[in-house]
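For the sequence shown, the working numbering begins at 111 and goes up steadily by one. Glycine included, every Cβ here is placed at the ideal spot set by N, Cα and C. Here the structure is a predicted model, which is why all the values come from computation and not from measurement. Some notes on the structure that comes next.
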Amino acid sequence: MSATPRAAAGLPPMTTKRTIGESMAKRRIKTLFSAISSAIDGGARAAEQERRAEVAKLRFIEGRAVPRHIAVIMDGNGRWATERHMPRSMGHRAGVEALRRVVQLCDDYHVPMMSVYAFSTENWGRPQDEVDALMGLMWETIRSDVDRLHKNGVRLRHIGRLNGLAPDVQEAIQWMMDLTRENTKLQLNVCFNYGGRAEIVDAVRAIVASGVAPETIDEDMISRHLYTRDLPDPDLIIRTGGEMRLSNYLIWQAAYAEYYSSPRLWPDFDHDDFVAALDAFSARKRRFGKTDAQIAQEAQESQKLLPPTQTAQQATGQTVQTPQPYATDGAGATAEAEGSLSGSRAKTAVEGVH
Ligand code: FPP
111 MSATPRAAAG LPPMTTKRTI GESMAKRRIK TLFSAISSAI DGGARAAEQE
161 RRAEVAKLRF IEGRAVPRHI AVIMDGNGRW ATERHMPRSM GHRAGVEALR
211 RVVQLCDDYH VPMMSVYAFS TENWGRPQDE VDALMGLMWE TIRSDVDRLH
261 KNGVRLRHIG RLNGLAPDVQ EAIQWMMDLT RENTKLQLNV CFNYGGRAEI
311 VDAVRAIVAS GVAPETIDED MISRHLYTRD LPDPDLIIRT GGEMRLSNYL
361 IWQAAYAEYY SSPRLWPDFD HDDFVAALDA FSARKRRFGK TDAQIAQEAQ
411 ESQKLLPPTQ TAQQATGQTV QTPQPYATDG AGATAEAEGS LSGSRAKTAV
461 EGVH
C-alpha cells in the first residue's frame, strides 16, 4: 500500500473535526464500559465475598454444605395407615422402618446427628390405644434395635421428660443411653415425651431454683438449662406430611435452623426425599440474622484461627461452584456394605436411641 503524501513528507495525518469527534466518542464509550465492568466486578466480588463468608460458617463435604444436626418431625403415619385401611398404629410401625432407613442415610451422607420427634407432650391427648401403641413401639424398638446400633457406633439419647413414662419404658431408655454413651459415629436423639415449651419451663424452674440474680439470666444460661444443653442446635428441620408447623418441636433451638417441608408421608420418606432435603439445605443462604458485612468479618476472623498451613477452603473442603446435587445412586449399595446401620440385614436394628 502506498503512503499518503503527508506521511511521505513525514507529517502526521490531517485531523478533521469528524475524527476528533469520533475519538472522543470512542473514549467516552471506553470509559463507560470500564465503569460498567468495574461495577460488575465489584458487585461480583462483593457477592462472592458474601457467599464465601456464609460458606465458612458451614460444614462442607465434597463441596456441599452438610447439616451437623438434622431434626425431623416424622409426620403422616396416621394418614399412611388410613389410606391403606389399617389402624394408625400400623402407620407408626411403618414409621419405625422409615426411621431405620433415615438413620442409615445420615451415615451415608455424613450427617453426624439426627433428632426425631417420636412422642410429644401433646400426644398424650391421642386415643388411649394409640398412646399405648406408641409406648409399646418405643420399648419394643429399643429392645430389638439397640444392640445393633451400638455395634455400629451409634449413640442414643433421650430428649424429653422421663417422668410420666411407664417404669419399663424409662428403664429401656436408661439402658440404651448407658450402653451407647461412648459411641461417636452417629448420634440419634429420640425426643419422646418431649415438648419445647415444657423444656423451657423446666429450664426456667431449674434456673430459679438455683437462686441466681434475675439480671444474670441471659440466652446462654437458658440454653445451658435445656435438655439439649450439650448438643449443637439443628441446622435443618425436616417435616414430612406436607405440614408447615414446628408443633412445639425444639422451638428454642430452631431459632436459626433452615426449615424443609416434604410432602411425603413419613413411612414413605426415602433416599431421594432425604437427598432433596439436603440439596435444599445446601442451596440456602444463611446469614444468622446478621448483615453480610458482619458475616464477612466473622469468616475472616475464623480463617485467622486456622493453622497457618490450612486455609478455610481446605478446612471446609469448600469449592466455589454452585452446590452440586447429591448423588442419587450408590447409597443403597452402601447400605448393604459391611458396617451398614440398616438395610435388609439390619431389619432388627433401629439404630440407637437416647
Ligand atoms: C406423627 O404422625 C407421628 C407421631 C406422633 C409418632 C412418630 C413415631 C414414630 C415414627 C415411631 C416411633 C419411634 C420410635 C423411636 C419408637 P401422625 O400420626 O400425626 O400422622 P397424621 O398427621 O397422618 O395423622
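Burial of H381 is indicated by the presence of at least 16 other C-beta atoms within 10 angstroms of its C-beta. DSSP places N187 in the helix class (H, G or I) of the three-state scheme. For the pair of segments examined, the stretch 325 to 333 was found not to touch the stretch 275 to 285: the number of CB pairs separated by less than 8 Å stays below three.
In this structure, the ligand FPP has a non-hydrogen atom nearer than 7 Å to the beta-carbon of R189. Shortest Cα-Cα distance from G188 to any of G205, T290, P344, F170 involves G205.
Bounds of the beta strand (DSSP E) holding Q297 are 296 to 304. Residue pairing by DSSP places M223 opposite Q297 in a beta bridge. In this structure, A393 is the residue among A393, N299, R155, K400 with its C-alpha nearest to the C-alpha of F170. Using a Cβ-Cβ distance cut-off of 8 Å, the stretch 229 to 249 and the stretch 365 to 381 are not in contact, since fewer than three pairs of beta carbons, one from each stretch, lie closer than that value. Per DSSP, the continuous beta strand (DSSP E) segment holding L266 begins and ends at 264 to 269.
Exclusion of the five residues before and after A316 leaves H335 as the residues of its chain whose Cβ lies within less than 7 Å of its Cβ. V221 sits close to I180, with the two beta carbons spaced by under 8 Å. For L346, there is no enclosing alpha helix (DSSP H); the enclosing beta strand (DSSP E) has its first and last residue at 346 to 349. Relative to the ligand FPP, A228 has its C-beta within less than 7 Å of a heavy atom. Not one heavy atom of the ligand FPP lies closer than 7 Å to the C-beta of V256.
CA-to-CA, the gap between T251 and A390 works out to about 31 Å.
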